[in-house]
Amino acid sequence: EGKSASVLDFMGFAQKGGSVLSFVRFADRADRLNQVRIDTQQADALLACDLVVGASPDALATVRHGRTRILANTHEVPVAESLRNPDASLRVPQLLEKLRFAAGADRVETLDAQALAESFLGDSIYSNIVALGSGWQRGLVPVSLEALLRAIELNGVAVENNKLAFSLGRLAAADTQAIAELLRGEAPAVARDGSTLEAIVARGVAHLTAYQSAAYARRYADFVERVREREIAVTPAQVVAEGALPFTRAVAQSLLKLMAYKDEYEVARLYTDGEFQRTLARQFEGDVRLEFYMAPPVLSRSREGQPPRKVRLGGWMLPAMKLLALGRRLRGTALDFFGRTAERRMERELVESYRARTDSLLPALDASRLKTATEIAALPLSMRGFGHVKMANVALARAREAELLHRFDPQTYPRPAASKEAGQIRGIRVTAAA
2 EGKSASVLDF MGFAQKGGSV LSFVRFADRA DRLNQVRIDT QQADALLACD LVVGASPDAL
62 ATVRHGRTRI LANTHEVPVA ESLRNPDASL RVPQLLEKLR FAAGADRVET LDAQALAESF
122 LGDSIYSNIV ALGSGWQRGL VPVSLEALLR AIELNGVAVE NNKLAFSLGR LAAADTQAIA
182 ELLRGEAPAV ARDGSTLEAI VARGVAHLTA YQSAAYARRY ADFVERVRER EIAVTPAQVV
242 AEGALPFTRA VAQSLLKLMA YKDEYEVARL YTDGEFQRTL ARQFEGDVRL EFYMAPPVLS
302 RSREGQPPRK VRLGGWMLPA MKLLALGRRL RGTALDFFGR TAERRMEREL VESYRARTDS
362 LLPALDASRL KTATEIAALP LSMRGFGHVK MANVALARAR EAELLHRFDP QTYPRPAASK
422 EAGQIRGIRV TAAA
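Laid out in structure tokens, this is it:
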């Protein structure tokens, strides 16, 4: 187009997890670019592909209230802190509020670029191009459509998919109803609002029925219903009418996680229930050659205290897993070959101990203890990972449970002994000033 441009990139040290902030300037002549860095409150547009970086002080310093227009990707992109703390929250509403405060509420628009890229293209790697297309359609990028498409061609990487991603972003900005119509055909059968308690339970029943059996799922639903009735009995009618039952919600989510532990039968079922093949077909063209990296107990023995050694297995595993998936009927029985490991025994014990613990809380539950009971009920959600990682997280959760039980009922549950490994919370001594 005969224009001039300058780009100044500030990149984090990590390839993933480090922030990337780019200052891009356009001008009709090179002598009008001046310095490459955009000065304080001089940005015309801010394209926040990563909300954390977009709301950072360096980015916000370029924003002028009432002038700068912002397009923010609301998808929660994991940051480096997520490695140390999987429960770390990006606090998306607060980050958006910072952007609105800096630019003005009417100058901030949003989209979920990752969700669009994954839904239509099968890979979140195209999310930044989706955001760019959406920004261009909103008039934030002063370059012609022909020039941008030509740039994608010259880049020579996944040209057609990048063009589709760019067009997808444009459509998302111009016609959100069209996006909704296109997605409607692939919407799950369970309720649209997956955050309601009813939707959580319905999803749990459907999953556990496929995981094991209808009877297994009924045990889950009956238990959650008993907890719900007890919470309703100790909760004000107005709160119940608003659908706020945090304790029951925590039980529904945690019990589902515990009852649906991912063992060898479940891995086999997930690979062979048809969804895996449909995902491959959407994402790749032509014949696909599969290899599986797994750690079966018989073939991947490792030294004590070390994670299992994974072995590479060929595509023949897929039909073999169809047979293995049928073996879920043996789960928990004397014929369950995979259920004899320490990890599987622990997972079965966790289900029973959680039900027993929750039952023990119900008689003493009242409005003043509801918050602590909810924290206890949500502890299994922190038991992430597999093998030695999961066992370590279980140990931490049990230590935290002892602390919370003492807080719930000091007369019944004694104060736990201090332990550095448990990461227990210690108070700070407060003394009066002299």
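If you want the working numbering, it's the position in the sequence shown, counting the first as 1, plus 1.
Heads up, the beta-carbon is just placed ideally off N, CA and C, and yes, glycines get one too.
Predicted model only: the values in this text are computed from it and were never measured.
Discussion item. For F285 and H208, what's the separation of their Cα atoms in angstroms?
Written reply: 27 Å
Discussion item. What residue range does the alpha helix (DSSP H) around E402 cover?
Written reply: 388-409
Item to complete: Compare the beta carbon distance of F248 and T375 with 7 Å and say whether it is the shorter of the two.
Response: yes
Practice prompt. Taking R65 as the reference, give the member of S214, D51, R101 with the closest Cα.
Written response: R101
Item to complete: Have a look at Q254, Q213, D51 and flag the residue whose alpha-carbon is nearest the alpha-carbon of L198.
Response: Q254
Worksheet item: Is the Cβ-Cβ distance between L291 and G275 less than 7 Å?
Response: no
Discussion item. On the DSSP bridge list, what partners appear for I71?
Written reply: L47, V109
Worksheet item: Between V53 and A215, what straight-line distance do the alpha-carbon atoms span, to the nearest angstrom?
Response: 43 Å
Practice prompt. For A234, count neighbouring Cβ atoms within 10 angstroms of its own Cβ and tell me buried if that reaches 16, exposed if not.
Written response: exposed
Item to complete: Could you say if the stretch 161-171 and the stretch 126-134 meet the contact criterion of at least three C-beta pairs nearer than 8 Å?
Response: yes
Worksheet item: Going straight from the alpha carbon of F11 to that of L22, what length do you get?
Response: 5 Å
Item to complete: Have a look at L271 and P415 and give me their C-alpha separation to the nearest angstrom.
Response: 43 Å
Worksheet item: When burial is assigned at 16 or more other CB atoms within 10 Å of the CB, is Y355 buried or exposed?
Response: buried
Discussion item. So, for T41: in the same chain, excluding its five sequence neighbours on each side, which residues have a beta-carbon less than 6 Å away from its beta-carbon?
Written reply: A62
Item to complete: Starting from M12, trace the beta strand (DSSP E) both ways and give me its first and last residue.
Response: 5-12
Discussion item. Looking only at its chain, what residues have a beta carbon closer than 6 Å to the beta carbon of D367, apart from the 5 residues adjacent to it on each side?
Written reply: V235
Fill in: Counterpart residues of L314 in DSSP-defined beta bridges
F293
Worksheet item: Considering only residues of the same chain and omitting the five flanking positions on each side of L325, which have a CB-CB separation below 8 Å?
Response: E265, Y266, A269
Worksheet item: In three-state terms, what does DSSP make of L34?
Response: coil
Worksheet entry | Residue burial classification, A192 (beta-carbon count within 10 angstroms, cutoff 16) | Residue confidence for A192 is low, a pLDDT of 35 falling below 50, so the modelled location carries little weight; the figure read from the coordinates is stated next. Answer is exposed; the Cβ neighbour count stays below 16.
Fill in: Reduced DSSP secondary structure (H/G/I, E/B, other) of V21
strand
Fill in: Beta-carbon proximity of A104 to I71, cut-off 7 Å
yes
Fill in: C-alpha gap between D32 and V8, whole angstroms
15 Å
Practice prompt. Flag this pair as yes or no: are the beta carbons of V225 and V206 separated by less than 7 Å?
Written response: no
Discussion item. Can you list, in chain order, the residues of its chain with a C-beta nearer than 6 Å to that of D337? Leave out the 5 residues immediately preceding and following it.
Written reply: L331
Practice prompt. Please report the residue range of the alpha helix (DSSP H) in which H208 lies.
Written response: 198-212
Item to complete: Mind reading off the beta-carbon distance from L257 to V352? Whole number of angstroms is fine, and I expect it under 8 Å.
Response: About 11 Å; that fails the 8 Å criterion.
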